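Quick note, the sequences are listed as chains A and B, same order.
Residue numbering for the first sequence follows my numbering, beginning at 1 and increasing consecutively.
Residue numbering for the second sequence follows my numbering, beginning at 249 and increasing consecutively.
Just below is one structure, and these are the notes that go with it.
Protein chains: 2
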Amino acid sequence: MTHRIFITIEYDGGPFVGWQRQDNGISVQQVLEAAACTLTGGDCPIQGAGRTDSGVHATGQVAHLDVPDRFDAARVMAALNALTAEHPVTVRSAHEVPAEAHARFSATGRRYLYRILPRLAPPALDLGRVWHHRAALAVPPMQLAAEQLVGRHDFTSFRASQCQADSPLRTLDELRVETIGEEVHVHAAARSFLHHQVRNIVGTLALVGTGKWTPDDVAAALRARDRSAADPTAPPEGLYLTKVTYPF
Amino acid sequence: MTHRIFITIEYDGGPFVGWQRQDNGISVQQVLEAAACTLTGGDCPIQGAGRTDSGVHATGQVAHLDVPDRFDAARVMAALNALTAEHPVTVRSAHEVPAEAHARFSATGRRYLYRILPRLAPPALDLGRVWHHRAALAVPPMQLAAEQLVGRHDFTSFRASQCQADSPLRTLDELRVETIGEEVHVHAAARSFLHHQVRNIVGTLALVGTGKWTPDDVAAALRARDRSAADPTAPPEGLYLTKVTYPF
Numbered sequence: 001m002t003h004r005i006f007i008t009i010e011y012d013g014g015p016f017v018g019w020q021r022q023d024n025g026i027s028v029q030q031v032l033e034a035a036a037c038t039l040t041g042g043d044c045p046i047q048g049a050g051r052t053d054s055g056v057h058a059t060g061q062v063a064h065l066d067v068p069d070r071f072d073a074a075r076v077m078a079a080l081n082a083l084t085a086e087h088p089v090t091v092r093s094a095h096e097v098p099a100e101a102h103a104r105f106s107a108t109g110r111r112y113l114y115r116i117l118p119r120l121a122p123p124a125l126d127l128g129r130v131w132h133h134r135a136a137l138a139v140p141p142m143q144l145a146a147e148q149l150v151g152r153h154d155f156t157s158f159r160a161s162q163c164q165a166d167s168p169l170r171t172l173d174e175l176r177v178e179t180i181g182e183e184v185h186v187h188a189a190a191r192s193f194l195h196h197q198v199r200n201i202v203g204t205l206a207l208v209g210t211g212k213w214t215p216d217d218v219a220a221a222l223r224a225r226d227r228s229a230a231d232p233t234a235p236p237e238g239l240y241l242t243k244v245t246y247p248f
Numbered sequence: 249m250t251h252r253i254f255i256t257i258e259y260d261g262g263p264f265v266g267w268q269r270q271d272n273g274i275s276v277q278q279v280l281e282a283a284a285c286t287l288t289g290g291d292c293p294i295q296g297a298g299r300t301d302s303g304v305h306a307t308g309q310v311a312h313l314d315v316p317d318r319f320d321a322a323r324v325m326a327a328l329n330a331l332t333a334e335h336p337v338t339v340r341s342a343h344e345v346p347a348e349a350h351a352r353f354s355a356t357g358r359r360y361l362y363r364i365l366p367r368l369a370p371p372a373l374d375l376g377r378v379w380h381h382r383a384a385l386a387v388p389p390m391q392l393a394a395e396q397l398v399g400r401h402d403f404t405s406f407r408a409s410q411c412q413a414d415s416p417l418r419t420l421d422e423l424r425v426e427t428i429g430e431e432v433h434v435h436a437a438a439r440s441f442l443h444h445q446v447r448n449i450v451g452t453l454a455l456v457g458t459g460k461w462t463p464d465d466v467a468a469a470l471r472a473r474d475r476s477a478a479d480p481t482a483p484p485e486g487l488y489l490t491k492v493t494y495p496f
């Protein structure tokens, strides 16, 4: 008999092609599945709550796997951490869930953090962990612009052309911009996001931060329902999947 | 004619043998001196405010160098950053100072941050940037213990045996322990520190955090004036030189 375990995962997205298995390089999912296979001695698929792109990090990705009953959650966590030690992937916590719990389909909310380092000097300590933005950013207008995007909208203007979602409608529950030390952080929360939605939004907010756009321009871009109306995509290295929430 | 420039430097200590030039590997000083030499076309020694050990990081190391008058501070910063781009070293700022200003001897204060990650799961994103401490730490008793060490004391118990300072007397102006997210941060400020003083103090505070020692035990260790009375040295990867202050 098997039981289902939820694991919460932290990873440095830098060396990976992303969460999802791909033909063109190593993925986080593949590293974890290989470890689970070694632990259980059989095939052990791992389902993540959401895909993250190449270079995107996570501090709170969630995934599920089914393992023989004799492996409790603490043992699964310890074994996966021992078996993935050479990769920048770590299982932060693990717990047993009902058999019908699904990391992706049961999720009721996702949170992302986007870190921007607005300064002339390149990052030495946080290279690959922040968007190095050489120009200064004014946070108050960025926050005003962010408020235009909160709520239920057609986010076509902030959606990647290759997005496979059925609908461009999403409800952004939170979009908040704050200064943390010398960084600017953007916090985003929604039930689910479109492909590149956070990075496209951050790219546009940065345009407001440098004064090239006004908050009203962002509202107009949203109304345009046209990807070309908004700004380029912010780079992956500033983005972190920080939390996935479940009703149980 | 030359003029003197102060530079504020950030670096990842991981790949270096430390700040100071050594025979056994590459140092931060050496990387910066090589760049300065390329810029000026001559020998260009760089004097740091303080040595940092191998693996110790900096967000606010300060150093001085003398360059021909035609290189202003902004140009020195841009050139050093361009010429050190392949190393995790960055000049955050640069400004001209009087010819008698000395990065080491004019300094009136130094600040360090020590980052501890107390959790079972190893760090994926902050590997080499924090002390991974597998046991939980109670911060209130650590803070009580820290208060025993503030002020002017003979710090022989917290001084490396190879320390070359003339006196073990130092005045610790601040020693503060706080929880930041899932990390424990220790902030230390003094005019100057003994060799390994911060790391030895943090090693002992961690013993208090796990309940093995009481704050009174720390006061007794200080009074003992004996290195063997205190706890092992915390590892270098959690330590950051964050600020050096000057009267000008």
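The beta-carbon is built from N, C-alpha and C at its ideal position, and this holds for glycine as well.
Because the structure is a prediction, the values reported are computed rather than measured.
(message) I need the straight-line Cα distance from T490(B) to T38(A), nearest angstrom please.
(response) Cα atoms of T490(B) and T38(A): separation of roughly 43 angstroms, rounded to the nearest angstrom.
(request) From the DSSP output, in three-state form, read off D314(B) for me. (result) Under the three-state reduction of DSSP, D314(B) is assigned to strand.
(request) Say whether chain A places a C-beta atom closer than 7 angstroms to the C-beta of Y259(B). (result) It does; some Cβ of chain A falls within 7 angstroms.
(request) Examine chain A for any beta-carbon lying closer than 7 angstroms to the beta-carbon of R340(B), and answer yes or no. (result) The beta-carbon of R340(B) is placed less than 7 angstroms from the nearest beta-carbon of chain A.
(request) Report the three-state DSSP secondary structure of R152(A) (helix, strand or coil). (result) Look at R152(A) here: in three-state DSSP terms it is strand.
(request) Indicate the three-state DSSP secondary structure (helix, strand or coil) for F254(B) in the structure shown. (result) If DSSP states are grouped into helix, strand and coil, F254(B) belongs with the strands.
(message) Whole angstroms are fine: how far does the CA of L385(B) sit from the CA of A63(A)?
(response) Rounded to whole angstroms, A63(A) to L385(B) spans 28 angstroms at the Cα level.
(message) Does chain A have any CB closer than 7 angstroms to the CB of L280(B)?
(response) By the rule that beta-carbons nearer than 7 angstroms mark a contact, L280(B) does not touch chain A.
(request) Output the distance between the C-alpha atoms of L205(A) and G128(A), rounded to the nearest integer angstrom. (result) Cα-Cα distance, rounded: 20 angstroms.
(message) I need the DSSP call for I218(B), collapsed to helix, strand or coil.
(response) Look at the range of chain B in this structure, 249 to 496, and you will see that residue 218(B) is not part of it.
(request) Identify which residue in A73(A), P45(A) and F248(A) has its Cα closest to the Cα of R91(A). (result) According to the sequence as given, residue 91(A) is Val; it is not Arg. Among A73(A), P45(A) and F248(A), the Cα nearest to that of V91(A) is on A73(A).
(message) Below 7 angstroms on C-beta distance, what does L127(A) contact in chain B?
(response) Those are P336, listed as they occur along chain B.
(request) Please check the pair R115(A) and E183(A), which I expect to be a contact at CB under 8 angstroms, by giving their CB distance rounded to whole angstroms. (result) Cβ atoms of R115(A) and E183(A) come within 8 angstroms of each other, at about 6 angstroms.
(message) Can you pull the chain B neighbours of H57(A), defined as C-beta to C-beta under 7 angstroms?
(response) Those are L373, listed as they occur along chain B.
(request) Sort R170(A), E237(A) and E86(A) by Cα distance to G203(A) and report the nearest one. (result) Checking every option, the nearest Cα to that of G203(A) belongs to E237(A).
(request) Answer yes if the region 210-220 of chain A comes into contact with the region 173-181 of chain A, meaning at least three C-beta pairs across the two stretches below 8 angstroms, and no otherwise. (result) At 8 angstroms Cβ cutoff, the stretches do not touch.
(message) Taking the alpha carbon of G290(B) as the reference point, which residue from A282(B), A330(B) and T404(B) has its own alpha carbon closest?
(response) The option with the nearest alpha carbon to G290(B) is A282(B).
(message) As a quick exercise: from Q278(B), I449(B), L442(B) and D301(B), pick the residue whose alpha carbon is nearest that of R531(B).
(response) Past the edges of chain B, shown from 249 to 496, lies residue 531(B), and the structure says nothing about it.
(request) State the beta-bridge partners of Y240(A) as determined by DSSP. (result) H57(A) and L113(A), per the DSSP bridge assignment.
(request) Report the partner residues of I274(B) according to the DSSP bridge assignment. (result) Paired residues: none, contrary to the question.
(request) Report the option in D53(A), D126(A) and L80(A) whose CA atom is closest to the CA atom of A369(B). (result) Looking at the Cα atoms, L80(A) is the closest of the given residues.
(request) Using a Cβ cut-off of 7 angstroms (strictly closer), state whether P389(B) contacts chain A. (result) So no, P389(B) is outside the interface.
(request) Starting from the beta carbon of P251(A), find every residue of chain B whose beta carbon is closer than 7 angstroms, and list them in chain order. (result) Any answer about residue 251(A) is impossible in this case: the structure gives chain A only from 1 up to 248.
(request) Flag P15(A) as yes if its beta-carbon sits less than 7 angstroms from any beta-carbon of chain B, otherwise no. (result) The C-beta of P15(A) comes no closer than 7 angstroms to any C-beta of chain B.
(request) List the residues of chain A whose Cβ lies closer than 7 angstroms to the Cβ of A297(B), in chain order. (result) Residues of chain A passing the Cβ test: none, with the nearest at roughly 17 angstroms.
(request) Let me know if D166(A) comes out buried or exposed under the rule of 16 or more other beta-carbons within 10 Å of its beta-carbon. (result) If you draw a 10 Å sphere on the C-beta of D166(A), you find fewer than 16 other C-beta atoms in it, and that means exposed.
(request) Could you spell out the range, first to last residue, of the alpha helix (DSSP H) harbouring D464(B)? (result) In the DSSP assignment, D464(B) falls within the unbroken alpha helix (DSSP H) covering P463 to A472.
(message) With H, G and I counted as helix, E and B as strand and the rest as coil, what does DSSP make of Q20(A)?
(response) Reduced to three states, the DSSP call for Q20(A) is coil.
(request) Mark F496(B) as exposed unless 16 or more other C-beta atoms lie within 10 angstroms of its C-beta, in which case mark it buried. (result) Exposed: under 16 other Cβ atoms inside 10 Å.
(request) Using only alpha-carbon positions, find the residue among Q295(B), E344(B) and G308(B) that is nearest to I253(B). (result) Among Q295(B), E344(B) and G308(B), the Cα nearest to that of I253(B) belongs to E344(B).
(request) Quick one: measure Cβ to Cβ for P416(B) and T404(B), integer angstroms, because I've assumed they're closer than 8 angstroms. (result) The C-beta distance from P416(B) to T404(B) rounds to 4 angstroms, short enough to meet the 8 angstroms contact threshold.
(message) Can you give me the C-alpha to C-alpha distance between F71(A) and G262(B), rounded to a whole angstrom?
(response) The alpha-carbon atoms of F71(A) and G262(B) are separated by roughly 37 angstroms.
(request) Please classify T419(B): is it buried, with 16 or more other beta-carbons within 10 angstroms of its beta-carbon, or exposed? (result) Under this definition T419(B) is an exposed residue.
(request) Have a look at H185(A) and A58(A) and give me their C-alpha separation to the nearest angstrom. (result) A straight line joining the alpha-carbon of H185(A) with that of A58(A) spans about 15 angstroms.
(message) Short of 9 angstroms Cβ to Cβ, which residues in the region 231-243 of chain A face chain B?
(response) Those would be Y240, in chain order.
(message) Can you check which of these residues, N200(A), D53(A), L125(A) and D154(A), is closest to I257(B) by C-alpha distance?
(response) The shortest Cα separation from I257(B) among N200(A), D53(A), L125(A) and D154(A) belongs to L125(A).
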